[in-house]
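Everything below concerns the one structure shown next.
Number of protein chains: 2
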Amino acid sequence: MELAFTLICSVAGLWFAVYLAKWVLRNDEGTKEMQNISNAIREGAEAFLARQYKTIAALTIPVAVVLYLLYALRQSSGQEHISPSQLALYVAGSFILGAICSGIAGYIGMWVAIRANIRTAAASRSSLNLGLQIALRGGAVSGLFVVVMSLLGVGGLFTLLRLLHIPAQQIPFLIVGYGFGASFVALFAQLGGGIYTKAADVGADLVGKVEAGIPEDDPRNPAVIADLVGDNVGDCAGRGADLFESTAAENIGAMILGVALFPYFGLQGVLFPLVVRAFGVLASMAGIWVVRTEEDGDPMQALNKGYYLTTLLAAIGFGIGCWWLLRSQDAPHAWFNFWMCGLIGLATAMAFVYITQYYTEYKYRPVRSIAEASQTGPATNIIAGMAVGMESTALPVIVIAVAIIASYALGRSSGVVIGDSTVGAGLFGTAVATMGMLGTAAYVLAMDTFGPIADNAGGIIEMSQQPEEIRRKTDRLDAVGNTTKALTKGYAIGSAALAAFLLFAAYLDEVAHYMGKPLEAVNLAKPEVFVGGLLGAMLVFLFAVMAVRAVGTAAGYVIDEVRRQFREHPGILQGTEQPSYRQCVDIVTAGALKQMILPGLLIIVMPIVVGLIFKQLGIGAEVVAAFLMVGTIAGILMATVLNNSGGAWDNAKKYIETGALGGKGSETHKAAVVGDTVGDPFKDTAGPSLHVVIKLLSTITLVLAPLFL
Amino acid sequence: MELAFTLICSVAGLWFAVYLAKWVLRNDEGTKEMQNISNAIREGAEAFLARQYKTIAALTIPVAVVLYLLYALRQSSGQEHISPSQLALYVAGSFILGAICSGIAGYIGMWVAIRANIRTAAASRSSLNLGLQIALRGGAVSGLFVVVMSLLGVGGLFTLLRLLHIPAQQIPFLIVGYGFGASFVALFAQLGGGIYTKAADVGADLVGKVEAGIPEDDPRNPAVIADLVGDNVGDCAGRGADLFESTAAENIGAMILGVALFPYFGLQGVLFPLVVRAFGVLASMAGIWVVRTEEDGDPMQALNKGYYLTTLLAAIGFGIGCWWLLRSQDAPHAWFNFWMCGLIGLATAMAFVYITQYYTEYKYRPVRSIAEASQTGPATNIIAGMAVGMESTALPVIVIAVAIIASYALGRSSGVVIGDSTVGAGLFGTAVATMGMLGTAAYVLAMDTFGPIADNAGGIIEMSQQPEEIRRKTDRLDAVGNTTKALTKGYAIGSAALAAFLLFAAYLDEVAHYMGKPLEAVNLAKPEVFVGGLLGAMLVFLFAVMAVRAVGTAAGYVIDEVRRQFREHPGILQGTEQPSYRQCVDIVTAGALKQMILPGLLIIVMPIVVGLIFKQLGIGAEVVAAFLMVGTIAGILMATVLNNSGGAWDNAKKYIETGALGGKGSETHKAAVVGDTVGDPFKDTAGPSLHVVIKLLSTITLVLAPLFL
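First to last, the sequence lines map onto chains L and A.
Quick note on numbering: the first sequence equals residues 1 to 709 in our numbering.
Quick note on numbering: the second sequence equals residues 710 to 1418 in our numbering.
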């Protein structure tokens, strides 16, 4: 029944996504000139994704083999009901499935986005509303696919293993590989895409704008197409894989915790995460459907209206789900408590959206303070931006703290008592809050993908030299897109933080499962455990710097290539010769893929090394737990700093470009450009990759836990 | 016997310090012109310190009263052997004593430094060696005083309480207030001094160099004296208080751990920390004595020679101390194991010195990479500097990890077993490593104070317009001073990190003492504890940003004042009118003191708020422990990033000024100046203040632990 409902909702979501995709594709494709540009973007994006997936596959297959061998060759503790080789098969198999699903989710999102951009551009020539709708609905295809895929993946695996007569309580332990597979691909997708987009952006700007003195998005710049491609591969495919991973990991984590409450809710508690996610899909469909704007209206308000409706419907759906599945005679008001936990999650999502807006929009004090600091030069601009980024960690941390403590307390007082303890119910409460936070995931992801579509539409209008009034329309959409992109990052961090806590609990559960006795504590007062925490925090710093440097190195390749084209073909700058966009695209593709390997491997290898070293000291599992938890804390803070300082610098520059404090071309503007350039790899490469890292640390330790014992 | 030895060494250290001070004062004071400048610096520094101490006193007294009341009014758990009001008296009394001692240590260091600067300048006119010796010996007065004061303070308190017939095992719990008092004053001394020095520096540069176009250290600049004063109050008084606090806190923490080993070593184990510290004083005296250089030699090599000798003698002294005090028939090789722990500490200190040099000197790749990145503008300069700062966390973390694990393992295998457990001995091992690291503290502090003395000497030579060849000599000393200042910061972080771990253990001991049963674990897997960790890390980010912003605000006051003087007295710039240095000094004094309050209070108030809130949930002590530990981890990493990126930016600029990559005045140089300006408040305000914060978090939780139960 529950599985059937989940399946029906999933199919409905997919059907709606296909409907939206067809609706988008039915729209006008604009002039021949516009199509040429759009085709070049499409080719570039597809070429990158094809090569990126090849690289990722080359990394995935050995990992799968190693996973299989590690599980197959380890000694069974006698606690499991299946043989090591069978377990190995399930883990490695679900790893590959997770990787494939994540890849598909990213690909489909981008497939629609690179077709929606030209249609948004074309539509903007006549109607702002139509432009808005095409961009949002194009984005929604990605959002729905991502969420439904993670639902179908986890639900399908569950059903499959049930058909193989494996007890429900065992199943989550068999499919932890799925989450690892998803986060593995997400890491490289986000990292590779993030490096690509910023390397192209920085390269195009430095040689084009600064050296040759031609405007942004000028067709004479050989790197301009690579720049537009970057928006798609970084923001669409990258963030899609990121949120796919969040929802998948959260599903599995919550199911593991649901298993602990079996005596009360039976199988229903285990399936609850799938059902409420299904309700979330329905809510997002409604939210996407109602978005429309007047020609002179504020597109952001229209998007917000859809978001509020989605949140409201998700809240109701949550209530129904709790009433349906989490009622027990022994704990009559448990369903209500857990519903409240869900509402806490939805409220947390909203709080993150507001906080991110406050720190990154130029309506508010923080961005204004950066703009004002730019008046005394680049140094004060940089200090002000760093300060805003660091300050912006405070409120999110407090919100997360309140959400965790409150949902934990609600869970504990739900009346569910397992073996004299209410801890399991408390943890399930935090899990439900995470589900609440991710309830609106499909809609939020649609808003996110809206960003690069609108950005591309603006680029196409610019490059095809359309009249000023049309540009102004796409500029409005583009500005809204920048805001939604920033919001999604805040949302992604918040959900990663909540999901991480859930995954810690799952990790400890798993360790208990394999050891046959619980890991009593992750005791930071032990020297080894403290060192584990120290190393976890250090990993975050090291990864961030490697990601930022990778952008610099890859940008160097682009700069060399653009300079070469200008030098060898002087006709390009005079407008008499066509630059080779494809060569630039190829070079940045190769560069980004090469540069993503090292930071990516660091994240995979370091937890393993730490685990294996401290296993020798007999304390592997606990040290890895501290590594994971303190690393997560550092990751949440660092990602917040990087995203928000980057976003704030960007908008401080945009604020000055509206004519404030001297406007474009002034010394103040030049200083603001410095901050914007510094912030680019922060907010679009290192920050978003850290979201994935936070979760990857959890899933990798979940999968490898048996090794560290 | 042990106390007598400690006392004799202390007196010897004090005598030597007085001798050095007299020796310094005997030297020539240079021309009348030089004296005028020096007098202005002295007056400014003394005025600042007087007002700063008044402000700190106004903060200290209420805290002492509150401490007294909190302890006096709490219900006794019945575990203590003395009444609450007596305990309250000891804690509040030792708090005030710690605060006073810290103040005296800072004052005396500065007293000599502001008299050594003119003599160093005068001596440099004839002999590089004499200049070097005056600057180092002037610094040594501060170094010796600081270490001896902390020794006498802790030793004296111990003796006093013994005379009052209080059992030795109880004493450390009664004098935890001493460490808190010391760190309380250190926080405000370092923060206020750090804000002062950078506000004056930035203010002087922005209006003088950039707006009016006059050179650095030009006597026409009204802020130039304030700038020179800043070096003394920030680096001398601030760092003095910082290291005073390290040694005091470490002494007490180690004594608490020594109590745990009472069955083996008796009172000797408790006194061991004092004795090895006394050996360290002797070693430092020898090291300071041997430093001398040829006229064309490298002053840095001379300083290094002294450092190596100090390290060698400290290592031997350590061996004697272990052999003397840590022998037990039940654990015959324990003394050897603990000696090895001490050597690990000495090696850790050396490793930190080398790593800091690698990341901040322009001989090596990191600084060069920043200089090269400056060729493409300020944005790439900033990114490269941030990258170096973040990368530079990796090696120190690994060194600390190895030091903690190895000394812990050595302690556990020492043969000392308390109640079936070797954990106490293991923790004592880490404590001994910390003692080792701090064994060379007096010498290192002498090198540190050498920095501002040499810097001031350079300023005096510059302002009194001495010939070029003399300037070149003081420039060489100044360059060495910059290096030693950077090294000391690395050393201060390393020792803070090791001492912090020691203080965690002391905190848990203390909680056990008051609860009557041990706090089993600091379990990060509990939601409340995880939240505590999250809040601790957040505090570090928030504090850093407040410290950096305070500099900006205070610099604003200076800028306004300098502009006013130039405007109202046009004669100043023409050289016909004397600027009012004093007014600038007054303004930056008032500004720095005002701006230090808010960040300082944040650090004091937040642990208390967290403890009291979670006390309501019945889990206060454990949450505070996580708050402290994760906050410490974040603090270590953040301080490393801030210090090293700041130092690297500074030296990248200096490297370019040697003529590399276009030299002074080029676009590359301009870009490098941006990084240098950004790094200034990082490395001289926020970073060094974080060293103190790391330890203050420990001491405040130690003192307030009884409240959170």
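Yeah, the Cβ is synthetic: ideal placement off N, Cα and C, and Gly gets one too.
Note that the coordinates shown come from a computational prediction; the quantities given were computed from them, not determined experimentally.
I'd like to know if Glu391 of chain L contacts chain A, where contact means its C-beta is closer than 9 Å to some C-beta of that chain.
Cβ-Cβ to chain A under 9 Å: yes for Glu391 of chain L.
Quick check on DSSP: helix, strand or coil for Ala680 of chain A?
Any answer about residue 680 of chain A is impossible in this case: the structure gives chain A only from 710 up to 1418.
For Ser392 of chain L, which of helix, strand or coil comes out of DSSP?
Three-state DSSP puts Ser392 of chain L in coil, outside helix and strand.
Consider the Cβ of Leu1243 of chain A: report whether some Cβ of chain L lies at a distance smaller than 9 Å.
So yes, Leu1243 of chain A belongs to the interface.
Tell me which same chain residues have a C-beta within less than 7 Å of the C-beta of Met964 of chain A, skipping the five on either side of it?
Hits under 7 Å: Pro881, Val979, Pro982.
Since Ser421 of chain L sits in a beta bridge, which residues does DSSP pair it with?
Note: Ser421 of chain L sits in a beta bridge opposite L:Ile418.
Quick one: Cα of Gln578 of chain L to Cα of Ala1082 of chain A, how far?
Roughly 32 Å between the two C-alpha positions.
Tell me, to the nearest whole angstrom, how far the beta carbon of Val623 of chain L is from that of Gly494 of chain L; I am working on the premise that it is less than 8 Å.
Rounded, the Cβ-Cβ distance is 28 Å, inconsistent with contact.
Going by alpha carbons, who is nearest to Ala1429 of chain A out of A:Asp1295, A:Arg1074, A:Trp1044?
Since the first residue shown for chain A is 710 and the last is 1418, residue 1429 of chain A is missing from the structure and cannot be characterised.
Would you please verify whether the beta carbon of Arg1074 of chain A is less than 9 Å from any beta carbon of chain L?
Chain L, which has no Cβ nearer than 9 Å to the Cβ of Arg1074 of chain A, makes this no.
Does the Cβ-Cβ distance between Gly847 of chain A and Ala830 of chain A come in under 9 Å?
Not a contact, by the Cβ cut-off of 9 Å.
Mind reading off the beta-carbon distance from Phe718 of chain L to Met1144 of chain A? Whole number of angstroms is fine, and I expect it under 8 Å.
Residue 718 of chain L cannot be examined here, being either before or after the span of chain L that is shown, 1 to 709.
Checking contacts by CB at 9 Å: is Val1254 of chain A closer than that to chain L?
So, interface residue.
Would DSSP call Ala212 of chain L helix, strand or coil?
Here Ala212 of chain L sits in helix by DSSP.
Would you report the Cα separation of Phe1252 of chain A and Ser833 of chain A, rounded to the nearest angstrom?
Distance between the alpha carbons of Phe1252 of chain A and Ser833 of chain A is about 41 Å.
For Gly1309 of chain A, I'd like the list of residues in its chain whose CB is within less than 7 Å of its CB, leaving aside the five on either flank, ordered along the chain.
Result list for Gly1309 of chain A: Leu896, Phe897, Leu900, in chain order.
Within 10 Å of its beta-carbon, does Pro876 of chain A have 16 or more other beta-carbons around it, so buried, or fewer, so exposed?
When all chains shown are included, Pro876 of chain A counts as exposed.
Find the nearest neighbour of Ser328 of chain L within the set L:Leu524, L:Ser183, L:Ser414, judged by alpha-carbon distance.
It is L:Ser414.
Can the beta-carbon of Lys1404 of chain A be found closer than 9 Å to that of Ser836 of chain A?
In this structure, Ser836 of chain A does not lie closer than 9 Å to Lys1404 of chain A by Cβ.
Give the DSSP-derived three-state secondary structure of Ala1093 of chain A in the structure shown.
Helix at Ala1093 of chain A.
Measuring CB atoms only, is the stretch 855 to 872 of chain A touching the stretch 1172 to 1191 of chain A, in the sense that at least three cross pairs come out at less than 8 Å?
Contact between the stretch 855 to 872 of chain A and the stretch 1172 to 1191 of chain A is absent, because fewer than three Cβ pairs lie under 8 Å.
Give the DSSP-derived three-state secondary structure of Ser1289 of chain A in the structure shown.
Note: Ser1289 of chain A maps to coil in three-state DSSP.
For the alpha helix (DSSP H) that Val990 of chain A lies in, which residues bound it at each end?
Note, Val990 of chain A: alpha helix (DSSP H), 976 to 999.
Tell me, please, whether the CB atom of Val585 of chain L is closer than 9 Å to any CB atom in chain A?
Not closer than 9 Å to any Cβ of chain A, the Cβ of Val585 of chain L fails to qualify, so no.
Could one say the Cβ of Pro1397 of chain A lies closer than 9 Å to chain L's Cβ atoms, at least one of them?
By this cut-off, Pro1397 of chain A is not an interface position.
Spell out whether any CB of chain C is found under 9 Å from the CB atom of Tyr799 of chain A.
Among the protein chains in the structure shown, which are L and A, there is no chain C.
So that I know if they touch, is there some Cβ in chain L lying closer than 9 Å to that of Glu1070 of chain A?
Judged by the 9 Å Cβ criterion, Glu1070 of chain A is not in contact with chain L.
With distance defined between alpha-carbon atoms, name the residue in L:Leu70, L:Gly321, L:Glu469, L:Arg582 nearest to Glu295 of chain L.
Considering only alpha carbons, the answer is L:Glu469.
Smallest Cα separation from Ile904 of chain A: which of A:Val985, A:Asn1360, A:Leu1212, A:Thr1298?
Closest option to Ile904 of chain A, Cα to Cα, is A:Thr1298.
Between the beta-carbon of Ala1040 of chain A and the beta-carbon of Gly675 of chain L, is there less than 9 Å?
No, these two residues do not count as a Cβ contact at 9 Å.
Is there at least one Cβ from chain A nearer than 9 Å to Met386 of chain L's Cβ?
Yes, its Cβ sits closer than 9 Å to a Cβ of chain A.
Check whether chain A comes within 9 Å of Tyr178 of chain L, counting only Cβ atoms and requiring the distance to be less than that.
Output row for Tyr178 of chain L: interface = no.
Please tell me whether Leu12 of chain L and Val281 of chain L are closer than 9 Å, where the distance is taken between their beta carbons.
The question names Leu, but residue 12 of chain L is Ala in the sequence shown. Contact: yes.
Residues of the stretch 762 to 784 of chain A in Cβ contact with chain L at a cutoff of 9 Å, in chain order, please.
Under the 9 Å Cβ criterion, the stretch 762 to 784 of chain A contributes no residue.
Give me whichever residues DSSP pairs with Ala331 of chain L in a beta bridge.
In DSSP, Ala331 of chain L forms a bridge with L:Ser328.
Out of curiosity, what's the CA-to-CA distance linking Tyr1017 of chain A and Met1059 of chain A?
Each residue's alpha carbon lies about 9 Å from the other.
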